[in-house]
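Chemist: Before I ask anything, here is the structure I am working with.
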Ligand code: MG
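Quick look at the structure:
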């Protein structure tokens, strides 16, 4: 069955300190209102009614212009009047569920919406709520008594009811401002299911609530990817350095340093993941200091740059492309060497090898190609 939603965003936000009303304050780069509006739309709301103040109607239409079924209407002086204005703007079947939601509860997960709608099948209404975990005291400056918390729940939103039943309950409501829609339906004798809500559905009320919301809104860490490619030419010699391991061979790779193409590709992948240019910028091949340098120096430097940014290497994946020497017998030693250079667990290092079946410069054994991918976790910017 379809459902519609009413988002109440018309309050004066008197407790939230100076600034714009709560639905219009910035949260993670967009207004608070946008969070739950997008969540309800993504969950499939057929109609999405946003109730706001007269001076914000155009702003709401612009902010949410891409959401299907959007209707923006003016609210009233009290929350219940705003909800009624939102219900009046709805169409569709009279028994269609309506989810009433506070704009000031931005972190609305799809799972909560699904739970509330599902519970409505066996009840006259359903609301998101959480059991009270704290001991409850009555009193002012001092305790006048303890309250048994057994069976007590904190009501959240969304609160879901068939549209016609909620309208009728409002019409029968004797007056005074109800605490929520459930109270109105209770007065009409409805059976209302308590559905497990979400601690993140807390209502932005006090100035400090915005700090907590901001920390939830912004990802703390983010993943960056980098790639690195390197090739070196085969020349005369009796062995080759690959991924920090010396392998006896009837040729050597030619290069300014030790020509370890595997470590060079890994170094470039790490530098790429943190936007730090390439290995040639950090270690110019024209600089005599790096002649014959073990390439572990370069990789360790890239690893240190990741660490200096508070970052962490998640995974490295390297493919060596050559006909010879055989890589497989040395693979574990290579993984251990790379892990040791970077100070990471060996499980984060993957080394693979392939040939080009005789084709191209690797096939003709003119040179060896190394290609690497790195995934790095960094503090989010
Ligand atoms: Mg190189």
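Numbering (our numbering), first residue to last: 185 to 565. Don't be surprised by glycine CBs; every beta carbon is placed ideally from N, CA and C.
Closer than 8 Å is the cut-off here; do at least three beta carbon pairs connect the stretch 280-292 with the stretch 341-359?
Modeler: Touching, per the Cβ criterion.
Chemist: Pull up the distance between the alpha-carbon of residue 246 and that of residue 260, whole angstroms please.
Modeler: Roughly 21 Å between the two C-alpha positions.
Chemist: Could you give the residue range of the alpha helix (DSSP H) that holds residue 246?
Modeler: 241-247 is the span of the alpha helix (DSSP H), which, as asked, contains residue 246.
Chemist: How about the stretch 361-373 and the stretch 307-314: do they share at least three Cβ pairs that are nearer than 8 Å?
Modeler: The stretch 361-373 vs the stretch 307-314: in contact.
Chemist: Is it true that the stretch 413-422 meets the stretch 434-451, where meeting means three or more beta-carbon pairs spaced less than 8 Å apart?
Modeler: Yes, since at least three Cβ pairs between the stretch 413-422 and the stretch 434-451 fall closer than 8 Å, the two stretches touch.
Chemist: Taking three-plus beta-carbon pairs below 8 Å as touching, is the stretch 391-411 in contact with the stretch 543-558?
Modeler: These segments touch.
Chemist: So, using beta-carbon positions, are residue 271 and residue 351 closer together than 8 Å?
Modeler: Closer than 8 Å, so yes.
Chemist: Can you check whether the CB of residue 401 is closer than 8 Å to the CB of residue 203?
Modeler: No, they are not a contact pair.
Chemist: Just mark residue 425 as buried or exposed, buried being the case when its beta carbon has 16 or more other beta carbons within 10 Å.
Modeler: Burial call: buried.
Chemist: Per the DSSP calculation, residue 406 is bridged to which residue(s)?
Modeler: According to DSSP, residue 406 bridges with 562.
Chemist: Pick out whichever of 249, 223, 252 and 333 has its Cα sitting closest to the Cα of residue 298.
Modeler: Nearest C-alpha to residue 298: 223.
Chemist: Name the DSSP bridge partner or partners of residue 258?
Modeler: Per DSSP, 236.
Chemist: Give me whichever residues DSSP pairs with residue 552 in a beta bridge.
Modeler: According to DSSP, residue 552 bridges with 416.
Chemist: For the alpha helix (DSSP H) that contains residue 309, what are its first and last residues?
Modeler: It is not in any alpha helix (DSSP H) - residue 309 instead sits in the beta strand (DSSP E) that spans 309-315.
Chemist: Answer yes or no: the CB of residue 416 versus the heavy atoms of the ligand MG, is any distance below 7 Å?
Modeler: Within the cutoff, so yes.
Chemist: DSSP three-state call for residue 332: helix, strand or coil?
Modeler: Three-state DSSP puts residue 332 in coil, outside helix and strand.
Chemist: Tell whether a beta-carbon distance below 8 Å holds between residue 264 and residue 361.
Modeler: For residue 264 and residue 361, yes; Cβs fall inside 8 Å.
Chemist: Could you give the DSSP three-state label for residue 277: helix, strand or coil?
Modeler: It is coil, neither helix nor strand.
Chemist: Considering only residues of the same chain and omitting the five flanking positions on each side of residue 366, which have a CB-CB separation below 7 Å?
Modeler: Answer for residue 366: 309, 311, 339, 343 and 376, listed in chain order.
Chemist: Can you find a heavy atom of the ligand MG that lies under 7 Å from the Cβ of residue 436?
Modeler: Outside the cutoff, so no.
Chemist: Taking the straight line between their C-alpha atoms, what separation do you get for residue 347 and residue 495?
Modeler: If you take the alpha carbons of residue 347 and residue 495, they lie about 51 Å apart.
Chemist: Helix, strand or coil for residue 584 per DSSP?
Modeler: The shown model of the chain, from 185 to 565, leaves out residue 584, and the question about it has no answer.
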